[in-house]
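**Q** Protein chains in written order, with this note's numbering: chain A, 1 to 115; chain H, 116 to 226.
Glycine included, each C-beta is placed from N, C-alpha and C at the ideal position.
#1: Taking 8 angstroms as the cut-off, decide whether the C-beta atoms of residue 73 (chain H) and residue 203 (chain H) are in contact.
#2: Show which residues of chain H have a CB atom less than 8 angstroms away from the CB atom of residue 93 (chain A).
#3: Using a Cβ cut-off of 8 angstroms (strictly closer), state whether residue 7 (chain A) contacts chain H.
#4: Look at residue 13 (chain A) and residue 114 (chain A) and say whether their C-beta atoms are less than 8 angstroms apart.
#5: Below 6 angstroms CB to CB, which residues in the same chain sit around residue 137 (chain H) once its five sequence neighbours on both sides are set aside?
#6: Find out if the Cβ-Cβ distance for the pair residue 163 (chain H), residue 157 (chain H) is shorter than 8 angstroms.
#7: For the beta strand (DSSP E) holding residue 128 (chain H), just list the boundary residues, first then last.
#8: Compare the C-alpha of residue 222 (chain H) against each of H:119, H:118, H:129 and name the closest.
#9: Compare the C-beta of residue 67 (chain A) with all C-beta atoms of chain H and state if any pair is closer than 8 angstroms.
#10: Assuming contact is defined by CB atoms lying nearer than 8 angstroms, are residue 30 (chain A) and residue 72 (chain A) in contact in what I supplied?
#11: Assuming residue 112 (chain A) contacts residue 90 (chain A) (C-beta within less than 8 angstroms), just tell me the rounded distance between them.
#12: Quick one: Cα of residue 141 (chain H) to Cα of residue 179 (chain H), how far?
#13: Taking residue 149 (chain H) as the query, report the chain A residues whose CB atoms sit under 7 angstroms from its CB, ordered along the chain.
#14: In its own chain, which residues sit with a C-beta less than 7 angstroms from the C-beta of residue 57 (chain A), not counting the 5 before and 5 after it?
#15: Are the CB atoms of residue 207 (chain H) and residue 119 (chain H) within a distance shorter than 8 angstroms?
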C-alpha cells in the first residue's frame, strides 16, 4: 500500500520550455503532498507543501512563479517548472502523506535536464 | 540551520558486519523519526521509524536506537549485505508536518 507514482521519470528539454511533472497517490487519498529537489549526492530540499484545494506553501527562497504547484484532487499534484533554464536541472521528488499519518511515501523522482 | 545532523557522510562495511549511522536533532518538539533508504535514480523508501516514547525498534536486520535525553538516534544494520549499499537519510518531523532530513550517508557493503 501507499504507492506514489511520479511521471515522467526523465525529461530533457530546451531552455525556455515549461515542464510539468505529475505526482499521483495510487492507492490512497493524500490531502498533503510535498515537492523536493535533490542535487547529486546531497539531501532532499523541501520546495513546497501542497494541500488539496488550497494554495501551496513555498519554502523560503523558492520562486512561486517559477515553480507552479497545483493540487486539484486528492490523488494528483503537479509541479510545473516555467521557462526552465539549465540551472533548474535537478532531480525532483514528490511525496504524499495519508491523512493523520506521519510517514511520507515518495515517488521515484523526475530527472530534469535543461539544455 | 541544519535541524538534523547526520554522520558519517560515507561508510564502508564488510559483508556480514554491522553498519551504524547516527543522527542528532535540536528541536525537542519532534515526535517522529524515520529512516529512508535511497538507491541511485530512485526516490527514498521508508525503512523504519520510531517515536520518542520508545528507546528501540527492530524490524528484521534494521534497528533504531533512540536516546531522548541526548537528542540522538541511530540506525543499525545487522549482517550487512551488498544489497544494502545505498544512501540512507534520517529525518525528523513534528505532528505530521514537514520532514527535516539529515545530509545522508552513503553506505557501501563490500563482499
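**A** Taking the coordinates as given:
#1: There is simply no residue 73 (chain H) to check, as chain H begins at 116 and stops at 226 in what is shown.
#2: Stepping through the first chain from its first residue, residue 93 (chain A) is reached at position 93. Under the 8 angstroms cutoff, chain H gives 158, 159.
#3: Working through the first chain from its first residue, we reach residue 7 (chain A) at position 7. Chain H contact via Cβ: absent.
#4: Taking the first residue of the first chain as position 1, residue 13 (chain A) is located at position 13. Taking the first residue of the first chain as position 1, residue 114 (chain A) is located at position 114. Yes, Cβ-Cβ distance for residue 13 (chain A) and residue 114 (chain A) is below 8 angstroms.
#5: Taking the first residue of the second chain as position 1, residue 137 (chain H) is located at position 22. Closer than 6 angstroms at the Cβ level, and outside the excluded window around residue 137 (chain H), lie 122, 189.
#6: Locating residue 163 (chain H) in the second chain gives position 48, where the first residue counts as 1. Locating residue 157 (chain H) in the second chain gives position 42, where the first residue counts as 1. No, Cβ-Cβ distance for residue 163 (chain H) and residue 157 (chain H) is not below 8 angstroms.
#7: Position 13 of the second chain, counted from the start, is the residue given in the question as residue 128 (chain H). Counting along the chain, the beta strand (DSSP E) containing residue 128 (chain H) begins and ends at 125-129.
#8: Along the second chain, one-based indexing puts residue 222 (chain H) at 107. The option with the nearest alpha carbon to residue 222 (chain H) is H:129.
#9: Taking the first residue of the first chain as 1, we reach residue 67 (chain A) at position 67. Chain H, which has no Cβ nearer than 8 angstroms to the Cβ of residue 67 (chain A), makes this no.
#10: Working through the first chain from its first residue, we reach residue 30 (chain A) at position 30. Working through the first chain from its first residue, we reach residue 72 (chain A) at position 72. No, Cβ-Cβ distance for residue 30 (chain A) and residue 72 (chain A) is not below 8 angstroms.
#11: In the first chain, residue 112 (chain A) corresponds to position 112, counting from 1. In the first chain, residue 90 (chain A) corresponds to position 90, counting from 1. Rounded, the Cβ-Cβ distance is 6 angstroms, consistent with contact.
#12: To locate residue 141 (chain H), count along the second chain from 1; it is residue 26. To locate residue 179 (chain H), count along the second chain from 1; it is residue 64. Whole-angstrom Cα-Cα distance: 18 angstroms.
#13: For the purposes of this step, residue 149 (chain H) is identified with residue 34 of the second chain, where counting begins at 1. Per Cβ cutoff of 7 angstroms: 103.
#14: The residue labelled residue 57 (chain A) in the question sits at position 57 within the first chain. The answer, listed in chain order, is 48, 49.
#15: Position 4 of the second chain, counted from the start, is the residue given in the question as residue 119 (chain H). Position 92 of the second chain, counted from the start, is the residue given in the question as residue 207 (chain H). Yes; because the gap between Cβ atoms is below 8 angstroms, this pair is in contact.
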